[in-house]
Amino acid sequence: PALVDRLWDEERGLFLDEVEPGGARPAISTWAALSPLALPDLPEEIGRRLVEEHLLDERRYWLPIPPSSVAAEEPSFEPNRGPGWKKRYWRGPTWVNAAWLLGLGLTRLGYAAQASEMADRLGHVVLREGLREYYDPYTGEGLGATEFAWTSLICELADPDPRATDSYVDLSGRATSRTG
35 PALVDRLWDE ERGLFLDEVE PGGARPAIST WAALSPLALP DLPEEIGRRL
85 VEEHLLDERR YWLPIPPSSV AAEEPSFEPN RGPGWKKRYW RGPTWVNAAW
135 LLGLGLTRLG YAAQASEMAD RLGHVVLREG LREYYDPYTG EGLGATEFAW
185 TSLICELADP DPRATDSYVD LSGRATSRTG
């Protein structure tokens with residue numbers, strides 16, 4: 035895919051953003067660097083590298099409540115900074131929508147046990163804390179808005195549609211239905 039040609043950094047084994055104009059490539063490891071795992075046409079060797087070198091690394095993303103929004107090794111990782119309930123929400127907390135996208139890649143690449151483990155960890159937190167906007171990646175404390183709709187994706191993580199290993203959009207760009 036064109037995404038690989040344009041944003042894949044072979045040395046780091048991550049997809050890095052490109053800032054325009056100028057084409058600067060910030061080298062910060064965030065969950066966005068792993069998000070191409072959701073793509074059904076991502077080359078398998080790249081997907082496995084993203085999973086094995088980054089996502090499942092307990093020093094980076096596979097914290098007690100995975101995945102963190104920023105790798106825990108990054109200087110910008112600070113999930114508990116900020117006033118009151120309004121923490122620095124893209125600096126480390128866990129978001130269920132990000133977990134859902136990464137879970138698609140885990141399942142597609144055959145890491146079913148890890149996808150299930152992530153769903154279990156997040157599911158327990160959501161049951162305890164409710165549908166919160168995001169969660170502390172170490173304690174699971176619910177943060178941000180309450181009754182946050184996209185957190186209901188936990189249901190799909192907990193009981194995934196077996197067809198989720200394929201895209202809902204065919205390569206011609208026409209939308210396909212979930213029912214076939």
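Residue numbering for the sequence shown follows my numbering, beginning at 35 and increasing consecutively.
Idealized CB from N, CA, C, for every residue including glycine.
All of these numbers come straight from a predicted model, not from anything done at the bench.
In three-state DSSP terms, what is residue 48? strand
Nearest candidate by alpha-carbon position, reference residue 105, set 152, 143, 140, 62: Of 152, 143, 140, 62, the residue nearest in Cα terms is 62.
Contact set for residue 108: own chain, Cβ-Cβ below 7 Å, skip 5 residues either direction: If we look at residue 108 and ignore the five residues flanking it on each side, its Cβ neighbours are 62, 63.
Tell me which residue opens and which closes the alpha helix (DSSP H) that residue 188 is part of. 188–192
Taking the C-alpha atoms as reference points, what is the distance between residue 193 and residue 182? 19 Å
Anticipated Cβ contact below 8 Å, residue 47 with residue 87, distance rounded: Yes, they are in contact, since the Cβ atoms of residue 47 and residue 87 sit about 5 Å apart, within 8 Å.
Looking at the structure shown, is residue 42 part of a helix, part of a strand, or coil, going by DSSP? strand
Any chain D beta carbon closer than 8 Å to residue 54: No chain D appears in the structure shown, which is made up of a single protein chain.
Limits of the alpha helix (DSSP H) - the one that residue 185 falls within: Counting along the chain, no alpha helix (DSSP H) covers residue 185, and no H or E run does either.
Based on the DSSP secondary-structure assignment, which residues constitute the bridge partners of residue 173? DSSP output for residue 173 lists no bridge partner at all.
Quick check: the Cα distance between residue 70 and residue 49, rounded to an integer number of angstroms? 8 Å
Alpha carbon of residue 96 to alpha carbon of residue 163, nearest angstrom: 20 Å
Just how far apart, CA to CA, sit residue 51 and residue 68? Counting only the Cα atoms, residue 68 lies some 11 Å from residue 51.
When you compare the CB positions of residue 168 and residue 141, do they come within less than 8 Å of one another, or not? Their beta carbons are not under 8 Å apart, which means residue 168 does not touch residue 141 by this criterion.
Check residue 196 in the structure and name its three-state DSSP category. The answer is helix: DSSP assigns residue 196 an H, G or I state.
Same chain, Cβ closer than 8 Å to residue 132, neighbours up to 5 away in sequence not counted: 65, 69, 101, 103
Can you look up residue 207 in the DSSP assignment and give me helix, strand or coil? Only weak support is given to the placement of residue 207: the predicted model assigns it a pLDDT of 46, under 50, and the value that follows is read from those uncertain coordinates. Coil.
So which of 146, 165, 179, 171 has the shortest CA-CA distance to residue 195? 146
Is residue 58 buried or exposed, if buried means 16 or more other CB atoms sit within 10 Å of its CB? Residue 58 should be labelled exposed.
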